[in-house]
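Remarks on the structure that follows.
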Amino acid sequence: MKLKLLKIFFTIFIFSIFSFGQSKSPFLINNELFELPGKWKHIGKIENSAQWGFANEKLKLTLLINVRKTENFEFYNKEFSEFEFLNKFYIWETEFWGKDDQNVEIEQIETNEQEKYIIWRLKVIDKNIESFIFSGIRNNKLIGLSVTDDNKKKPKSRTEIIEFLKNIYFKK
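Going by our numbering, the residue at position 36 of the sequence shown is 630; the numbering climbs one at a time, nothing skipped.
If you want it as C-alpha coordinates, here you go:
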(Lines of atoms letter the chains of each structure in order from A and count residues from 1; the text may use other names and numbers.)
(Lines give C-alpha, C1' and ligand atoms only; values in the text may rest on other atoms or scores of the structure.)
Protein backbone atom coordinates (compact mmCIF):
# COMPACT_ATOMS: atom_id res chain seq x y z
CA MET A 1 0.00 0.00 0.00
CA LYS A 2 2.80 2.43 0.89
CA LEU A 3 4.56 1.70 -2.37
CA LYS A 4 1.40 2.36 -4.36
CA LEU A 5 0.85 5.65 -2.50
CA LEU A 6 4.46 6.64 -3.12
CA LYS A 7 4.05 5.93 -6.85
CA ILE A 8 0.92 8.08 -6.98
CA PHE A 9 2.67 11.02 -5.27
CA PHE A 10 5.68 10.62 -7.56
CA THR A 11 3.43 10.59 -10.65
CA ILE A 12 1.57 13.71 -9.46
CA PHE A 13 4.90 15.44 -8.73
CA ILE A 14 6.32 14.66 -12.18
CA PHE A 15 3.07 15.64 -13.90
CA SER A 16 2.99 18.97 -12.07
CA ILE A 17 6.55 19.75 -13.07
CA PHE A 18 5.83 19.16 -16.75
CA SER A 19 2.40 20.72 -16.91
CA PHE A 20 2.76 23.69 -14.58
CA GLY A 21 6.49 24.35 -14.80
CA GLN A 22 7.35 27.45 -16.72
CA SER A 23 9.32 26.81 -19.86
CA LYS A 24 12.48 28.76 -20.46
CA SER A 25 14.37 29.77 -23.56
CA PRO A 26 18.14 29.42 -23.01
CA PHE A 27 20.58 31.68 -24.86
CA LEU A 28 24.36 31.69 -24.52
CA ILE A 29 25.89 35.12 -25.15
CA ASN A 30 29.66 35.52 -24.83
CA ASN A 31 29.81 32.50 -22.51
CA GLU A 32 27.03 33.78 -20.22
CA LEU A 33 23.84 31.73 -20.04
CA PHE A 34 20.48 33.50 -19.97
CA GLU A 35 17.28 31.56 -19.38
CA LEU A 36 14.40 33.72 -20.49
CA PRO A 37 10.96 32.80 -19.12
CA GLY A 38 8.61 31.52 -21.80
CA LYS A 39 9.11 31.39 -25.54
CA TRP A 40 11.53 33.99 -26.96
CA LYS A 41 12.62 34.57 -30.53
CA HIS A 42 16.03 35.95 -31.47
CA ILE A 43 15.28 38.97 -33.66
CA GLY A 44 18.77 40.18 -34.47
CA LYS A 45 21.98 41.76 -33.27
CA ILE A 46 23.00 45.41 -33.10
CA GLU A 47 26.68 45.19 -33.99
CA ASN A 48 27.91 48.59 -32.78
CA SER A 49 26.56 48.01 -29.24
CA ALA A 50 26.95 44.20 -29.21
CA GLN A 51 23.30 43.81 -28.23
CA TRP A 52 21.32 40.69 -29.00
CA GLY A 53 17.61 41.30 -29.54
CA PHE A 54 14.80 39.00 -28.43
CA ALA A 55 11.01 39.23 -28.58
CA ASN A 56 8.26 37.46 -26.69
CA GLU A 57 4.90 37.73 -28.45
CA LYS A 58 2.86 36.47 -25.50
CA LEU A 59 4.44 38.87 -22.98
CA LYS A 60 4.68 41.64 -25.62
CA LEU A 61 8.24 42.42 -24.54
CA THR A 62 11.40 43.24 -26.44
CA LEU A 63 14.66 42.46 -24.66
CA LEU A 64 18.20 43.48 -25.56
CA ILE A 65 21.12 41.65 -23.92
CA ASN A 66 24.78 42.52 -24.14
CA VAL A 67 27.79 40.93 -22.48
CA ARG A 68 31.14 42.68 -22.82
CA LYS A 69 34.48 42.42 -21.08
CA THR A 70 35.05 45.41 -18.83
CA GLU A 71 38.56 46.01 -20.16
CA ASN A 72 37.14 46.71 -23.65
CA PHE A 73 35.65 50.05 -22.56
CA GLU A 74 37.51 53.31 -23.20
CA PHE A 75 37.18 54.39 -19.56
CA TYR A 76 38.37 51.07 -18.09
CA ASN A 77 40.90 51.40 -15.29
CA LYS A 78 42.32 48.30 -13.61
CA GLU A 79 42.35 50.23 -10.32
CA PHE A 80 38.55 50.49 -10.33
CA SER A 81 36.49 48.16 -8.19
CA GLU A 82 33.72 46.44 -10.12
CA PHE A 83 31.18 48.82 -8.66
CA GLU A 84 33.31 51.87 -9.53
CA PHE A 85 33.48 50.59 -13.09
CA LEU A 86 29.72 50.10 -13.11
CA ASN A 87 29.16 53.68 -11.96
CA LYS A 88 31.53 54.94 -14.68
CA PHE A 89 29.57 52.95 -17.22
CA TYR A 90 26.27 54.40 -16.00
CA ILE A 91 27.64 57.95 -16.26
CA TRP A 92 29.14 57.23 -19.70
CA GLU A 93 25.89 55.73 -20.97
CA THR A 94 23.61 58.46 -19.59
CA GLU A 95 25.90 61.19 -20.93
CA PHE A 96 25.63 59.58 -24.36
CA TRP A 97 21.84 59.62 -24.23
CA GLY A 98 21.71 63.14 -22.80
CA LYS A 99 24.06 64.75 -25.32
CA ASP A 100 23.02 66.95 -28.23
CA ASP A 101 19.84 68.06 -26.50
CA GLN A 102 18.12 64.76 -27.20
CA ASN A 103 14.62 64.76 -25.83
CA VAL A 104 15.11 62.05 -23.19
CA GLU A 105 14.29 61.35 -19.57
CA ILE A 106 16.80 59.38 -17.50
CA GLU A 107 16.01 58.10 -14.04
CA GLN A 108 18.18 55.99 -11.78
CA ILE A 109 15.84 53.55 -10.03
CA GLU A 110 17.94 51.22 -7.92
CA THR A 111 21.60 50.77 -7.07
CA ASN A 112 23.09 47.82 -5.22
CA GLU A 113 26.81 47.98 -4.45
CA GLN A 114 26.97 44.56 -2.82
CA GLU A 115 25.34 42.73 -5.75
CA LYS A 116 26.94 45.12 -8.27
CA TYR A 117 24.05 46.39 -10.33
CA ILE A 118 22.24 49.58 -11.32
CA ILE A 119 18.70 49.72 -12.66
CA TRP A 120 17.64 52.79 -14.59
CA ARG A 121 14.97 54.03 -16.95
CA LEU A 122 15.43 55.70 -20.33
CA LYS A 123 12.55 57.36 -22.10
CA VAL A 124 12.99 58.78 -25.60
CA ILE A 125 10.14 61.26 -25.56
CA ASP A 126 10.02 62.07 -29.28
CA LYS A 127 9.59 58.38 -30.14
CA ASN A 128 7.49 57.47 -27.09
CA ILE A 129 9.88 54.62 -26.22
CA GLU A 130 10.57 53.69 -22.62
CA SER A 131 13.16 51.11 -21.63
CA PHE A 132 14.19 49.79 -18.26
CA ILE A 133 17.87 48.92 -18.12
CA PHE A 134 19.72 46.60 -15.76
CA SER A 135 23.50 46.99 -15.77
CA GLY A 136 25.54 44.56 -13.71
CA ILE A 137 28.99 43.03 -13.37
CA ARG A 138 29.46 39.27 -13.41
CA ASN A 139 32.60 37.22 -14.22
CA ASN A 140 34.52 40.42 -15.10
CA LYS A 141 31.92 41.24 -17.72
CA LEU A 142 29.42 44.05 -18.02
CA ILE A 143 25.99 42.54 -18.46
CA GLY A 144 23.29 44.80 -19.88
CA LEU A 145 19.60 43.94 -20.03
CA SER A 146 17.19 46.41 -21.59
CA VAL A 147 13.48 45.69 -21.76
CA THR A 148 10.76 47.57 -23.61
CA ASP A 149 7.10 46.80 -22.98
CA ASP A 150 5.34 46.73 -26.35
CA ASN A 151 1.88 46.30 -24.83
CA LYS A 152 0.35 49.75 -25.18
CA LYS A 153 -3.13 48.64 -24.05
CA LYS A 154 -2.09 47.01 -20.78
CA PRO A 155 1.57 47.71 -19.99
CA LYS A 156 3.33 45.96 -17.15
CA SER A 157 3.98 47.88 -13.96
CA ARG A 158 7.39 49.28 -13.12
CA THR A 159 7.66 46.71 -10.32
CA GLU A 160 6.86 43.82 -12.70
CA ILE A 161 9.50 44.95 -15.17
CA ILE A 162 12.18 45.43 -12.50
CA GLU A 163 11.46 41.96 -11.06
CA PHE A 164 11.58 40.51 -14.58
CA LEU A 165 15.05 41.99 -15.14
CA LYS A 166 16.32 40.82 -11.76
CA ASN A 167 15.00 37.31 -12.35
CA ILE A 168 16.85 37.07 -15.65
CA TYR A 169 20.10 38.45 -14.27
CA PHE A 170 20.06 36.38 -11.09
CA LYS A 171 18.76 33.28 -12.94
CA LYS A 172 15.66 32.79 -10.79
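Just so you know, even glycine gets a beta-carbon here, dropped at the ideal spot from N, CA and C. For clarity, every value in this text was computed on a predicted model and none was experimentally measured.
*Taking the alpha carbon of residue 756 as the point to measure from, which residue in 670, 726, 681, 721 has its own alpha carbon closest?*
726
_Just to confirm the assignment: which complete alpha helix (DSSP H) runs, minimum length 4, are found wholly within the segment 708 to 742?_
none
*Cβ contact check for the segment 691 to 698 and the segment 637 to 653: 3 or more pairs under 8 Å*: no
*So what's residue 653 in DSSP terms, helix, strand or just coil?*
coil
*Can you list, in chain order, the residues of its chain whose CB lies under 6 Å from that of residue 750, leaving out five sequence neighbours each side?*
743
*residue 679 to residue 673 span [Cα, whole Å]*: 9 Å
*Residues that residue 640 bridges to, as DSSP identifies them*: 645
*Could you check the C-alpha separation between residue 735 and residue 748 for me, to the nearest Å?*
35 Å
*Answer yes or no: do residue 703 and residue 686 have a C-beta to C-beta separation smaller than 8 Å?*
no
_Among 641, 689, 766, 664, the one whose alpha carbon lies nearest that of residue 677_ = 664
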